[in-house]
Amino acid sequence: MPKLIEIKDLKTNFYTYEGIVHALDGINFSIREGEILGLVGETGCGKSVTALSILRLIRPPGKIEAGEVVLRLQDESSESKHPINLLDQTELLMQKVRGNEISMIFQEASEALNPVYSVNDQVSESFLLHRQKELCQGVLKEIEQDLRKGNSFFRRSILNMERSIYLRMRGNPSSFLLAILTFLPIVRSYKRRMVNQARTESIKLLRMLGIPHPEEVVRRYPHELSGGMQQRVVIAMALACSPTLLIADEPTSNLDVTIQAQILDLVRGLREKLKTSILFITHDLGVVAEMCERAVVMYAGHIVEVAPVDSLFRKPLHPYTQGLLEAVPRPGCKERLRSIKGNVPNLISPPSGCRFHPRCSFVMTKCSKRKPALKEIEKSRFVACYIHHQETEKNDT
Amino acid sequence: MKTYIIRRLLLLFVVLFGVSILVFAILSLFSPEQRASVFITDVKQLRDLQEIIQTHHLDAPIHIQYYYWVKALLRGDLGWSITAQRPVLKALFYFLPNTIELALFSAPLIIVIGIWLGSVSAVHQNRLIDHTTRTLAIIGWSLPTFWFGLMLLMIFYGYFRGLLPPEALSTKANLYVQSAEFVRYTRINTIDALLNWKFWILLDALRHLVLPVITLTVVQCALVMRIMRSSMLEALGRGYITTARAKGASEATVVKRHARRNALIPVVTVSGWLIAGLAGGVVITETIFSRKGLGWWWARAAVQLDIPAILCAVLFNAILFVVTNLVVDLLYAYIDPRVTLK
Amino acid sequence: MREPKSKYQFWNELGKSVKPRVKELKFSLHRITRSPLSLVGLALILIFAMIAMLAPQLAPPKRLHEPYHIPRDGYAAAPQPPSAEHVFGTTEGQYDVYYGVIWGTRTAFRIGFMVVGATILIGLFLGSLAGYYGGLVDEIIMRLVDIFMSIPTLILAMAIVTALGHSLDNVVKALIIVGWPIYARLIRGEILQVREEDYVSAARAVGCSNALIILKHILPNSVYPMLILASLDIGAVVLVAAALSFLGLGAPVGYADWGQMVSFARNWIVGPPQNPLAYWHTITIPGLFMLFFVLGWNLLGDAFRDILDPRLRRR
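Protein chains in written order, with this note's numbering: chain A, 3 to 399; chain B, 153 to 494; chain C, 31 to 345.
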């Protein structure tokens, strides 16, 4: 499968009173088209920061220092896909990408929704931001139908006026004239048709996501919905424009298990229907096993291992991954749970070299000297550990 | 909704009851002789002081006094105001228009400018514009109203030779307004001038309004600005802002549509208190600029020991406050979908 | 059965609990020094405190038993501009402006501290009662608070001062009567809020009595908002007292009080046609003293709020 997005050497820092937090220290991985990639790690290892960095949503005191985020964008005019580095683009282009090509869903659904706007307002917003042309098309069809009904002269002249406005909007959504029209109090109501169109689309989308009685739900406000429903609305907002990449930042961590299962089913189904790639961020290895095809393991701002999920679980290579898997409680196992000794490091003054070395049972002297690079050990298995580097060196010579 | 309003209005009566007790408590701080002197319009009547005390039950036990006092109150008889030379209730309606005019021009300015400055300040936090507005706000908040008004007068009336004068109208306009040609609809100068199509009077009234409005606005909008700023900062830190950005909304949309709508909610409450509290600021402003409104009347009443007028001040403001609170709560329920009226 | 602690353990634990507090204190100090406005506020207040303390040296009183009575240099009505003899000039009735503003500083501190001190005590007491006992006591006290807070400060103070008599002492009394509700409400709010917190339930589960909870958990948490409120309040109180004196309801004529001095200036805003700003000193100087005094306290209160409010600290 071709690569959809490639992250090269991404570095992100946060400038705080206590010092500079080196949240991401040279991240390298890629997401392929149509795959579900898991991003695993403990709380605080930098998973969310990675997601926000991809979308360039890092705000002060944070700053993306270096690296590339290469997206193979489907050009509208041509068939070919040419790569662009998101970190180099203008903010205007990023706004076109966000919610459109790349979408994000969040952990805390109740926080992610704006309490003073209805579900309809918030889901429609996605359509209104990026699908104006399609909405105009729908409106124009509606106007045509209305015109054919044969009305009074007054009505027909209004309809014709509306049609010209929408024709103009379809051609040039950001025209200056339209901006003026939006400003005028009565004329402003021309937008009503488009808003209604967006509402129809929102209802369709919610129905597709399995929300019962979507016409009712769109009128509700976030605080009137259950946790699972809220998360579905957030997913709806993200999927409105059929993004090529969906970043799911721990979407089920706050839900109870039954709802979690439903949401995971939903996300899986979406991949089938819409052919979206998904970057699934989680700390739950069970979810990774269930959902993902490949997984990236992160520790303290470093990628330590990348592997297909099957081989990752059967034979973890990095000591950290091994520790993680050993810490998972097994039914029927009566032994004491094995935890990884030590604590997650402080990212203001992180350990030198490999950030895991203070806690590693297999630590060598060179581990504290230089950070091990992510090397391909077997076919599509990458590890950042000197133990396995020695093996490849042995294999090479 | 209806039951809620009815219930709140009933509560209004409870609070009014409490306020009446308070007012009566203040009243009873005065001796019976002092209170009797209120009913005297002529010096010769001083001999009949004891008689007056008897007739109005001024030396009876407290609860009986209270009963008679409330009875008179409900009849509309709040006593006679010596400073206004007319019954208190009539004096209230006589002085009300000037105060309403002042409030009419100040309140919107305070709210709009405060909200705008607070919003700008929050969005550009810790940059120059933020520091400037905050400094100006703190200075504005620290200004003694009466001093600021007098300084403005000194400069714009004194130094600039009558550019922006005190009082409500110039002598010429005043004479015209009181003549038969001018029809008094509302007794508010600006509105009446408009309704009479006399634009020169309108301009004259506006010219006299500039300084008082500035005096009132500067001090109060500092408060609104501060509340808006902190409210906006909190809204900007919430999750839904990140969501909006992740949807691809422009920064302007994020600020205007998402943050501001949430940030305005606490500001509504403060604006309500502001309007109710404008009465306090109005006392000083009207005194300095010699605008004969409620505040001017009450200030003179306090100096000249015009007891009924002072008590009217307390009562009026209490009622204003409670009604404003009710309106604010209703607005709140309208704006914030999470709030349900209980 | 708890094991008896060794001395080493005791100091060790004390050290462990103190270290984060010391760190937070250092952070607070850092924030104070980093914020120029708070330093300005602090400086202003210190300057005024010096002036107040050194008043007898800076402006020696003519009558030792009545230092607050501004000395008069004659009885002419028209104010005189600043000169060598009267550094800030004289105001109506030839009262020395310099003397008035210097001793007025003392008056301001007196009024501010007396009113705020008393209102804090009364408010703390009544508010704690309301929060602690709840029920009827709470209802009564809160209704009282509501009633007092439904009337603007100035107007209620005007009414009370009129009833008690026009003097500065009565102004202080009136402001105390009007001012305690905010503190009562604050403390009650803190108690109610903290009462529901998990750590209070935990403390109760371990066997802490209510009084201990209030003392150990609630009061320390509410010190910061009280501090912020108090420093902003001092400024507000001085302003209202000055307004009352300006209206003629407070300090008697000739008393060293800033508000009273500005009321002198009312008749002299506009000078003779050839020099309309002739009497600027009568109003500008006392006013500036007022402005900077209140500004100092407001800046300090604001600085406290930014520094001590846990939610705003780390921005």
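Note that CB positions come from ideal geometry on N, CA and C, so glycine has one too. Please read these numbers as outputs of a predicted model, since none were measured by experiment.
field: Through-space distance from residue 107 (chain A) to residue 248 (chain A), alpha-carbon basis
entry: 8 Å
field: Close-in-space but distant-in-sequence residues of the same chain around residue 476 (chain B) (CB under 8 Å, 5 per side omitted)
entry: 424, 425, 427, 428
task: Answer with buried or exposed for residue 191 (chain C), where buried requires no fewer than 16 other C-beta atoms within 10 angstroms of its C-beta.
output: buried
- request: Please compile the residues from chain C whose C-beta is within a distance smaller than 9 Å of the C-beta of residue 469 (chain B).
  value: 180, 181, 182, 185, 186
field: Cβ pair residue 167 (chain B), residue 176 (chain C) closer than 9 Å
entry: yes
- request: Look at the alpha carbon of residue 31 (chain C) and the alpha carbon of residue 327 (chain A), and state the distance between them as a whole number of angstroms.
  value: Confidence in residue 31 (chain C) is poor, its pLDDT being 49 and thus under 50, which makes the residue's placement unreliable; the coordinate value appears in the next sentence. Using only the alpha carbons, I get a separation of about 39 Å.
Below-9 Å beta-carbon distance, residue 210 (chain A) vs any chain B residue: no
- request: Give me the Cβ distance between residue 235 (chain B) and residue 449 (chain B), rounded to the nearest whole Å; I'm assuming they're in contact under 8 Å.
  value: 6 Å
task: Determine the direct distance from the alpha carbon of residue 52 (chain A) to that of residue 399 (chain A), and round the result to whole angstroms.
output: Per-residue confidence for residue 399 (chain A) stands at a pLDDT of 44, beneath the threshold of 50, marking its modelled position as unreliable; the derived number appears in the next sentence. Distance between the alpha carbons of residue 399 (chain A) and residue 52 (chain A): 36 Å.
field: residue 160 (chain B) versus residue 214 (chain C) - alpha carbon distance
entry: 24 Å
message: Using only the alpha-carbon positions, how far apart do residue 406 (chain A) and residue 239 (chain A) sit?
response: For chain A, the structure presents residues 3 to 399; residue 406 (chain A) sits outside this window and is missing.
query: Are the C-beta of residue 398 (chain B) and some C-beta of chain C separated by less than 9 Å?
result: no
message: So, with DSSP's three-state summary, where would you put residue 253 (chain B)?
response: helix
task: Under 8 Å Cβ to Cβ from residue 345 (chain C), same chain only, skipping five residues before and after it: list those, please.
output: With a pLDDT of only 44 at residue 345 (chain C), under the threshold of 50, the placement of this residue in the model should not be trusted, and no figure is reported.
task: Under 8 Å by Cβ, that's how I've got residue 258 (chain C) and residue 335 (chain C) pegged, so tell me the actual separation to the nearest angstrom.
output: 5 Å
field: Interface flag, residue 282 (chain B) vs chain A, CB-CB below 9 Å
entry: no
- prompt: Looking at C-beta atoms only, is the number of pairs between the region 347–366 of chain B and the region 256–274 of chain B that lie closer than 8 Å three or more?
  reply: yes
field: Beta carbon proximity, residue 291 (chain B) to chain A, threshold 9 Å
entry: no
task: Check each candidate in B:187, B:299, B:249 and name the one with the smallest Cα separation from residue 231 (chain B).
output: B:187
query: Is the region 173–191 of chain A close to the region 202–212 of chain A, with three or more CB pairs under 8 Å?
result: no
- prompt: Looking at C-alpha atoms only, which residue of B:407, B:346, B:372, B:182 is the closest neighbour of residue 329 (chain B)?
  reply: B:346
- prompt: Which whole-angstrom value is the C-beta distance of residue 299 (chain B) and residue 301 (chain C), which I expect to be below 8 Å?
  reply: Residue 299 (chain B) to residue 301 (chain C), Cβ: 18 Å. No contact.
- request: Establish whether the CB of residue 110 (chain A) and some CB of chain B are separated by less than 9 Å.
  value: yes
- prompt: Going along the chain, which residues of the region 231–251 of chain B sit with their C-beta nearer than 7 Å to a C-beta in chain A?
  reply: none
task: From the DSSP output, in three-state form, read off residue 1 (chain A) for me.
output: For chain A, the structure presents residues 3 to 399; residue 1 (chain A) sits outside this window and is missing.
query: Hey, out of A:88, A:148, A:259, whose CA is closest to residue 10 (chain A)'s CA?
result: A:88
- request: Determine the chain B residues that contact residue 75 (chain C) at a beta-carbon separation under 7 Å, and present them in chain order.
  value: Near residue 75 (chain C) there are no residues of chain B at all, since even the closest Cβ is about 13 Å away, more than 7 Å.
- prompt: Which first and last residues belong to the beta strand (DSSP E) in which residue 18 (chain A) is found?
  reply: 5–18
Inter-residue spacing [alpha-carbon to alpha-carbon] between residue 181 (chain C) and residue 296 (chain C): 27 Å
- request: Report yes or no: do the region 197–213 of chain C and the region 275–285 of chain C share at least 3 C-beta pairs separated by less than 8 Å?
  value: yes
query: Is the CB of residue 375 (chain A) under 9 Å away from at least one CB in chain B?
result: no
message: the ligand ATP and residue 315 (chain C): does any heavy atom of the ligand fall closer than 8 Å to the residue's C-beta?
response: With respect to the ligand ATP, the structure shown offers nothing to examine, as it has no ligands at all.
query: Is it buried or exposed for residue 217 (chain A), if we count other Cβ within 10 angstroms and need 16 for buried?
result: exposed
message: Closest to residue 320 (chain B) by C-alpha separation, out of B:440, B:377, B:267, would be which residue?
response: B:440
field: Rounded separation between residue 102 (chain A) and residue 369 (chain A) - CA only
entry: 42 Å
message: Let me see if you follow: with CB-CB separation under 9 Å, is residue 306 (chain B) close to chain C or not?
response: yes
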